[in-house]
Amino acid sequence: MRKRWISLLLAAAVTVTALAGCAGDTSEDQSAVQQRIENSSVVIAMDPNSEPEAGFDPAYGWGAGEHVHEPLIQSTLTVTNTDLTIGYDLATDYTVSDDGLTWTVTIRGDVKFTDGEPLTAEDVAFTYNTVKESSSVNDFTMLDYAEASDDTTVVFHMTRPFSIWPYTMAIVGIVPEHAYDSATYGSNPIGSGRYILKQWDRGQQVILEANPDYYGDAPEMEQVTILFMEEDAAFLAVQAGEVDLAYTSATYSDQGVEGYSLASYASVDNRGFNLPAVEETTDSEGRTVGNDFTADVLVRRAINIGIDRQEMIDNVLNGYGSPAYSVCDQLPWYNEASEVAYDPEGAAALLDEAGWTVGDDGIREKDGVKAELNLLYSTGDSVRQALAADFADQLGELGISCTLEGVGWDTAYDRALSDPLIWGWGAHTPMELYNIYHTIEGTDSAEYSPYSNSTVDEYMDQALACGDLEESYRLWQQAQWDGTDGVTQDGDIPWVWLVNIDHLYWVRDGLTVAEQKIHPHGHGWSIVNNVDQWSWKG
Numbered sequence: 381m382r383k384r385w386i387s388l389l390l391a392a393a394v395t396v397t398a399l400a401g402c403a404g405d406t407s408e409d410q411s412a413v414q415q416r417i418e419n420s421s422v423v424i425a426m427d428p429n430s431e432p433e434a435g436f437d438p439a440y441g442w443g444a445g446e447h448v449h450e451p452l453i454q455s456t457l458t459v460t461n462t463d464l465t466i467g468y469d470l471a472t473d474y475t476v477s478d479d480g481l482t483w484t485v486t487i488r489g490d491v492k493f494t495d496g497e498p499l500t501a502e503d504v505a506f507t508y509n510t511v512k513e514s515s516s517v518n519d520f521t522m523l524d525y526a527e528a529s530d531d532t533t534v535v536f537h538m539t540r541p542f543s544i545w546p547y548t549m550a551i552v553g554i555v556p557e558h559a560y561d562s563a564t565y566g567s568n569p570i571g572s573g574r575y576i577l578k579q580w581d582r583g584q585q586v587i588l589e590a591n592p593d594y595y596g597d598a599p600e601m602e603q604v605t606i607l608f609m610e611e612d613a614a615f616l617a618v619q620a621g622e623v624d625l626a627y628t629s630a631t632y633s634d635q636g637v638e639g640y641s642l643a644s645y646a647s648v649d650n651r652g653f654n655l656p657a658v659e660e661t662t663d664s665e666g667r668t669v670g671n672d673f674t675a676d677v678l679v680r681r682a683i684n685i686g687i688d689r690q691e692m693i694d695n696v697l698n699g700y701g702s703p704a705y706s707v708c709d710q711l712p713w714y715n716e717a718s719e720v721a722y723d724p725e726g727a728a729a730l731l732d733e734a735g736w737t738v739g740d741d742g743i744r745e746k747d748g749v750k751a752e753l754n755l756l757y758s759t760g761d762s763v764r765q766a767l768a769a770d771f772a773d774q775l776g777e778l779g780i781s782c783t784l785e786g787v788g789w790d791t792a793y794d795r796a797l798s799d800p801l802i803w804g805w806g807a808h809t810p811m812e813l814y815n816i817y818h819t820i821e822g823t824d825s826a827e828y829s830p831y832s833n834s835t836v837d838e839y840m841d842q843a844l845a846c847g848d849l850e851e852s853y854r855l856w857q858q859a860q861w862d863g864t865d866g867v868t869q870d871g872d873i874p875w876v877w878l879v880n881i882d883h884l885y886w887v888r889d890g891l892t893v894a895e896q897k898i899h900p901h902g903h904g905w906s907i908v909n910n911v912d913q914w915s916w917k918g
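Given below as structure tokens:
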């Protein structure tokens with residue numbers, strides 16, 4: 381029986397026992413819970429990293445960035461549906477010019493900000509011009525400028541065709557031009573969304589209240605209190621009955637808490653290793669770039685099919701996850717050609733074909749060189765560390781010797797240019813594929829790992845230039861694999877994807893959480909995208 385993860389499980393068991401002892405028999409006064417039910421309110425525990433450091437200003441990352449979610453306080457032009465296609469919020473229609481450089485969006489004329497002022501196309505144009513100039517989180521280089529042609533029509537002038545613009549429009553909350561101050565708006569936001577920011581105690585909690593003048597269906601959940609708590613504290617709060625929903629992880633998944641059930645939500649929150657696809661060299665900045673072992677495509681293909689992903693899910697994630705084969709599993713632009721079967725014999729055959737033969741010590745060799753990898757993981761992330769250890773053990777069974785090294789993100793990006801690093805990705809936009817695989821303009825490599833393929837680049841460029849969003853999905857799929865070229869098993873396979881991590885929550889009995897979209901990377905605000913539709917039974 382493999383030893384990976386056992387020590388971590390033992391440590392987790394000790395922690396859980398200690399927590400249970402601390403919690404004792406304490407429980408919140410049931411009258412307080414009943415009052416929340418009667419008042420249609422809910423208390424939610426989130427990771428402290430979910431608290432927006434710069435406040436609730438879309439120009440500084442609220443609703444956007446790595447952990448994309450609906451901004452709740454502000455309205456957006458579009459929304460993503462549960463199947464990740466595009467729907468409307470403020471927008472009632474949009475068109476794009478034949479050259480892809482002009483987007484014309486018609487908006488509702490019945491929307492007011494919470495200060496009573498009407499929301500017009502001028503506010504939309506102001507918002508987008510502001511985020512283009514100010515955003516340090518999202519890339520808006522594809523936008524030249526926005527202008528209002530009348531009160532209900534906004535025109536976006538683009539610097540280049542960008543077919544997936546509707547996905548950007550789904551995360552940018554609209555702010556009021558007449559009441560926007562970049563220094564204060566984040567703490568005192570005025571919006572037109574489903575909720576109003578009633579109170580923000582930094583480092584502790586946020587209280588949202590339903591917007592009585594909201595133009596859409598009135599929220600069923602009238603008050604939402606979000607507490608920012610470390611995972612151990614969140615579990616204690618569940619045991620004490622102090623919260624109605626709390627994030628958790630596989631560490632606690634074998635526990636039982638009276639009055640709560642464990643809810644599991646599918647995600648595209650994936651973990652995978654980059655496999656540097658060029659031979660080792662030194663770049664102009666003195667950094668080591670490339671890896672002589674993973675530069676061989678046969679080695680990369682062997683690694684991809686030599687990994688038992690389900691074993692990782694069972695042993696590291698306690699069963700809460702799904703195999704990952706790409707950065708976009710289950711999304712509309714996913715190419716099913718990415719999927720592979722676990723085939724250790726086939727992996728061994730590929731390594732043999734590449735000239736890496738098993739030595740007396742069980743480690744493969746070629747021309748006197750050992751088959752070795754130094755695997756990197758982010759320090760302090762126990763799940764990534766455990767996945768890296770499992771990955772190392774499985775590669776060891778193929779005759780590849782691995783060492784593990786924890787690194788900080790201050791050095792991880794440079795180190796990943798030559799050593800495989802376990803990453804976390806997954807977003808509600810095809811741009812994730814572009815960011816990982818497309819060659820950076822003026823260079824011969826993609827951004828996060830040395831790799832370049834002009835055919836893959838061309839498909840993604842065509843996808844962005846496509847005049848029809850749904851037609852662009854096919855081009856994104858071809859960038860993954862077109863039958864001859866791509867980033868899948870039969871292609872270049874410059875990344876090996878391991879697992880999609882289910883997002884786990886303790887949910888109080890009687891609380892109905894509305895149907896969830898597949899969650900993106902990040903265990904935070906995604907759960908409350910539709911909190912307005914949550915309800916209490918009875």
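Residue numbers (the numbering used here): 381 to 918.
Every residue gets a Cβ at the ideal spot worked out from N, C-alpha and C, and that includes glycine.
The three-state reading of DSSP puts glycine 566 in coil, since its state is none of H, G, I, E or B.
Serine 718 is a Cβ neighbour of glutamine 860, given a cutoff of 7 Å.
By DSSP's assignment, lysine 492 forms a beta bridge with Pro498. If you ignore the 5 residues before and after serine 430, its C-beta comes within less than 7 Å of the C-beta of Phe608, Gly904, Trp905, all in its own chain and listed in chain order. Residue pairing by DSSP places valine 738 opposite Arg744 in a beta bridge. In the structure shown, the three-state DSSP call for leucine 697 is coil. Spatial neighbours of tryptophan 789 in its own chain (CB-CB distance under 7 Å, excluding positions within 5 residues in sequence) are listed in chain order as Ser758. Look at phenylalanine 536 here: in three-state DSSP terms it is strand. In the DSSP assignment, lysine 512 forms no beta bridge with any residue. Within the segment 737 to 818, the complete beta strand (DSSP E) segments of 3 residues or longer fall at 744 to 746, 752 to 758, 781 to 787, 802 to 805, listed in chain order. Going by DSSP, threonine 835 is part of the alpha helix (DSSP H) stretching over 834 to 845. Note that the segment 620 to 628 touches the segment 878 to 893; at least 3 beta-carbon pairs, one per stretch, sit closer than 8 Å.
Glutamate 527 is bridged by DSSP to Val535. Within the model, the alpha-carbon separation for threonine 521 versus threonine 823 is close to 18 Å.
Inclusion of valine 459 and alanine 550 in the CB contact set at 7 Å is warranted, their separation being smaller than that value. If you look at tryptophan 886, you'll find it isn't in any alpha helix (DSSP H); it sits in the beta strand (DSSP E) that goes 883 to 888. Aspartate 672 is positioned such that its CB atom lies no closer than 7 Å to that of glutamate 691.
Under the DSSP assignment, methionine 549 falls in the alpha helix (DSSP H) whose first and last residues are 545 to 549. Within the segment 580 to 656, the alpha helix (DSSP H) runs of at least 4 residues that lie entirely inside it are, in chain order, 611 to 619.
DSSP places histidine 899 in the strand class (E or B) of the three-state scheme. Contact between aspartate 649 and isoleucine 881 holds: their C-beta atoms lie close to 5 Å from each other, under 8 Å.
When C-alpha distances from asparagine 695 are compared across Gln858, Asp773, Ala843, the shortest belongs to Asp773.
Judged by DSSP in its simplified three-state form, serine 915 adopts strand. Non-local C-beta neighbours of arginine 681 in its own chain, meaning closer than 7 Å and more than five positions away in sequence, comprise Leu730, Gln869, Ile873, ordered along the chain.
Under DSSP, proline 703 forms a beta bridge with Val879.
In this chain, the beta strand (DSSP E) harbouring serine 421 covers 421 to 426. With fewer than 16 other beta carbons inside 10 angstroms of its own, serine 529 counts as exposed.
When the Cα atoms are used, alanine 630 and valine 637 turn out to be separated by approximately 15 Å. Isoleucine 693 is classed as buried because its beta carbon has at least 16 other beta carbons within 10 Å across all chains shown. Our two residues, asparagine 754 and arginine 795, have alpha carbons roughly 10 Å apart in a direct line. Between the segment 595 to 610 and the segment 410 to 425, the count of Cβ pairs shorter than 8 Å is three or higher; the stretches touch. Relative to valine 555, the option among Asn509, Tyr525, Pro800, Asn591 whose CA is nearest is Asn509. Taking all protein chains in view, the Cβ of proline 546 is crowded by 16 or more other Cβ atoms within 10 Å, so the residue is classified as buried.
Counting the other CB atoms within 10 Å of its CB gives alanine 721 a total below 16, which places it among the exposed residues.
Here the alpha carbons of alanine 734 and valine 679 stand approximately 7 Å from one another. Here leucine 452 is not bridged, per DSSP, to any residue.
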